[in-house]
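First to last, the protein sequences are chains A and B. The first sequence begins at 885 in our numbering and counts up by one. The second sequence begins at 885 in our numbering and counts up by one.
2 protein chains.
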Amino acid sequence: MARVSRPLSLNQATTKYWTLEETVRGCVAAGIPGIGVWRDRLDEIGVDAAARLLANSGLRVTSLCRGGFFTTGDGAAADNRQAVDESAAIGSPVLVLVCGGLPARSRDLVGARGRVRDGIADLVPYAAAAGVQLAIEPMHPMFCSDRGVVSTLGQALDLAAEFPADQVGVVVDSYHVWWDPDVQRQIARAADRIALVQVSDWITPLPAGALLGRGHIGDGHIDNRGLVEAAGRAGYDGFVEVEIFNEDIWATPGDETVRTVIERYQRVFTD
Amino acid sequence: MARVSRPLSLNQATTKYWTLEETVRGCVAAGIPGIGVWRDRLDEIGVDAAARLLANSGLRVTSLCRGGFFTTGDGAAADNRQAVDESAAIGSPVLVLVCGGLPARSRDLVGARGRVRDGIADLVPYAAAAGVQLAIEPMHPMFCSDRGVVSTLGQALDLAAEFPADQVGVVVDSYHVWWDPDVQRQIARAADRIALVQVSDWITPLPAGALLGRGHIGDGHIDNRGLVEAAGRAGYDGFVEVEIFNEDIWATPGDETVRTVIERYQRVFTD
């Protein structure tokens, strides 16, 4: 991995059909130094066992996915505190927040965005006390109604701005932000608010439901190198997570996916 | 139609399986005063015959769809001049510009956006001489790679700003812009640049390819009334076109679709 300009982290969503233990083993075997973890995969073995597994692996945990969903559920506050606890337990410095879409039949986008603001403000003291940075993830506008009403990096930064940067940052996920005419300026503005950088690629046609349409970096239209370099100029020196939702890639054996992830990462990001 | 605050126009894409003649007849029979026309449907009967048909119908032609595609084709300049000629021939005051996506394998989004700017500048004198206003249509960011690299109303207004408003305006299509945290401010800024307002609704899940996912107004998450009222406050007093791409709606008999369009239009926009 020596030639790669930023250390690579494998978000475990990319190897969907591997358990956490299999993904840990796959990263260690391949020399990938970081891992992004999902909460449903912690639940499979329990947080304590997962924490031991990760600590013993030597991997850096780069994020826990995910908290948020402030707009639609009454149970969000309790669940988000539990997500903070889980982040702290597994040594994840960052809890990714997918902020939630619109309730059924709602057209009150302004109201939903207000609830996101209030939900974050409610969670910040708890997360700060636990030493976990909340990371607001702007979602591609095609997910505005059903997953996340925070649609641009600028909007995420506006939300983050009322809190200290070490308590509330943002996720720069290339898949969500690449289209934005303002993205370079907003990455520069983000500076030490960048809690995490994630990459994948935009390929077409989108599948039904749009969620599982991501490709390996290099296969699509996103200038991932340009975006990662912009984050670097803004001061980000952390891991870059590869996070890909794609049925075909999920159906590929995990070891093969890991090899492709590494090969593409070196090709896209190495001089 | 007396209770409707803005005059209704039916974009003929909504009744996809009707010919132009059938759509004209359907609008007249239902009392819809305006029609948005597509170029491929002109071709079916020839521009001269279409111009006579439209002139004799008493309908107002509110737009011709579409020119543009500046980013990918060598033949765009000639085709766009022809589109201007067709607009003038059928009495359409507006030619809608769908500006084009990224060429195959390209990641040069900045370059593509530059070509859009140059393509518009090239077309403006010809269109102005013909008395046709070019209308830049920002496309939902999910179409950035394959249909339109102009992704926000703000970006469209930035492109339009170097030309007089009567020569280059913008389309406010609720489906493309509803998610934008800045949309209210940009509609106000647009003012007399608003050449056309189009409406449909955002429903989920998106179908494969994402293009045909629109719903009847009232069925989804878009605050169409709020957006149309904002356009009104900005000074827009023209027609509102209903433009819906949806296989199920297309499979419905045209007369039934027209009835639904009118019924929804009155429900959504009438006090």
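Each residue gets a CB set at the ideal place from its N, CA and C atoms; glycine is no exception.
Exposure label - residue i; buried when at least 16 CB within 10 Å
| i | result |
| --- | --- |
| Met885/B | Note that Met885/B scores a pLDDT of 39, beneath 50, so its modelled location is shaky; the value from the coordinates is reported in the next line. Result: exposed. |
| Thr907/B | buried |
| Gly1119/B | exposed |
| Asp958/A | exposed |
| Thr946/B | buried |
| Glu1046/B | exposed |
| Arg887/B | Note on Arg887/B: pLDDT 42, under 50, position unreliable in the model; the coordinate value appears next. Its Cβ having fewer than 16 others within 10 Å, Arg887/B is exposed. |
| Arg936/B | exposed |
| Gly1003/A | buried |
| Glu1125/B | buried |
| Asp1085/A | buried |
| Thr899/B | buried |
| Asp932/A | exposed |
| Gly1163/A | What is shown of chain A runs 885 to 1155, which leaves residue 1163/A out entirely. |
| Glu1131/A | exposed |
| Thr1144/B | buried |
| Asp1064/A | buried |
| Leu960/A | As written in the sequence, residue 960/A is Ala, which differs from the Leu given in the question. Per the 10 Å Cβ criterion, buried. |
| Glu1147/B | exposed |
| Ala1202/A | There is simply no residue 1202/A to check, as chain A begins at 885 and stops at 1155 in what is shown. |
| Glu1127/B | buried |
| Ala1187/A | Residue coverage of chain A in this structure runs from 885 to 1155, which leaves residue 1187/A outside it and unanswerable. |
| Gly942/B | exposed |
| Ala1115/A | buried |
| Glu1140/A | exposed |
| Asn964/B | buried |
| Pro1025/A | buried |
| Tyr1149/A | buried |
| Val1067/B | buried |
| Ala1011/A | buried |
| Arg1151/B | exposed |
| Ala1135/A | exposed |
| Gly1138/A | buried |
Per DSSP, the bridge partner or partners of residue i
| i | result |
| --- | --- |
| Arg882/B | Absent from the model: residue 882/B. The displayed extent of chain B is 885 to 1155, so no value can be given. |
| Asn1108/A | The partner list for Asn1108/A (beta bridge, DSSP) is empty, contrary to what the question assumes. |
| Asn895/B | Gly920/B |
| Gly1053/A | Ala1019/A |
| Leu1080/A | Val1055/A |
| Val1124/A | Leu892/A, Val1081/A |
Nearest-angstrom beta carbon gap, residue j and residue i [assumed within contact, 8 Å]
| i | j | result |
| --- | --- | --- |
| Arg1156/A | Gly985/A | For chain A, the structure presents residues 885 to 1155; residue 1156/A sits outside this window and is missing. |
| Trp954/B | Val1000/B | Here residue 954/B is Phe; the residue named in the question, Trp, does not match the sequence. Rounded, the Cβ-Cβ distance is 5 Å, consistent with contact. |
| Trp902/A | Gly910/A | 7 Å |
| Phe1123/A | Pro977/A | Contact doesn't hold; Cβ gap of about 10 Å is too wide. |
| Leu979/A | Val968/A | 6 Å |
| Ala914/B | Val1142/B | 5 Å |
| Glu1043/B | Gln1070/B | The amino acid occupying residue 1043/B in the given sequence is Leu; Glu does not appear at that position. Contact doesn't hold; Cβ gap of about 13 Å is too wide. |
| Pro1014/A | Ile974/A | Sequence inspection shows Ala at residue 1014/A; the Pro mentioned does not correspond to that position. The Cβ separation is near 12 Å, so there is no contact. |
| Ser1058/A | Ile1106/A | 5 Å |
| Ala1094/A | Ala1094/B | 6 Å |
| Gly920/A | Leu894/A | 7 Å |
| His1060/B | Pro1022/B | 6 Å |
| Gly952/A | Leu981/A | 4 Å |
| Ala1005/A | Pro1091/B | That pair is no contact at about 37 Å. |
| Arg1109/A | Phe1153/A | 6 Å |
| Val1056/A | Leu1111/A | 7 Å |
| Leu1018/A | Gln966/A | Between Gln966/A and Leu1018/A the Cβ distance is about 14 Å, and since that is not below 8 Å, they are no contact. |
| Ser1029/B | Thr1088/A | 6 Å |
| Glu970/A | Leu948/A | 6 Å |
Any non-hydrogen atom of the ligand ATP within 8 Å of residue i CB
| i | result |
| --- | --- |
| Asn1108/A | With respect to small molecules bound, the structure shown includes none, and the ligand ATP cannot be examined in it. |
Cβ of residue i within 9 Å of any chain C Cβ
| i | result |
| --- | --- |
| Pro1065/A | The question asks about chain C, but that chain is absent: this structure's protein chains are A and B. |
- Segments of 3+ residues assigned as beta strand (DSSP E) that fall wholly inside the region 937-987 of chain B: Runs of beta strand (DSSP E) with 3 or more residues, each lying fully within the region 937-987 of chain B, are found at 944-952, 978-982, listed in chain order.
> Are the region 1098-1107 of chain B and the region 1063-1076 of chain A touching by the rule of at least three beta carbon pairs closer than 8 Å?
Replying inline: Judged by Cβ distances under 8 Å, the region 1098-1107 of chain B makes no contact with the region 1063-1076 of chain A, as fewer than three pairs qualify.
Secondary structure, alpha helix (DSSP H): runs of 4+ residues fully inside the region 993-1041 of chain A: Taking only runs of at least 4 residues, the alpha helix (DSSP H) segments lying wholly in the region 993-1041 of chain A are 993-1014.
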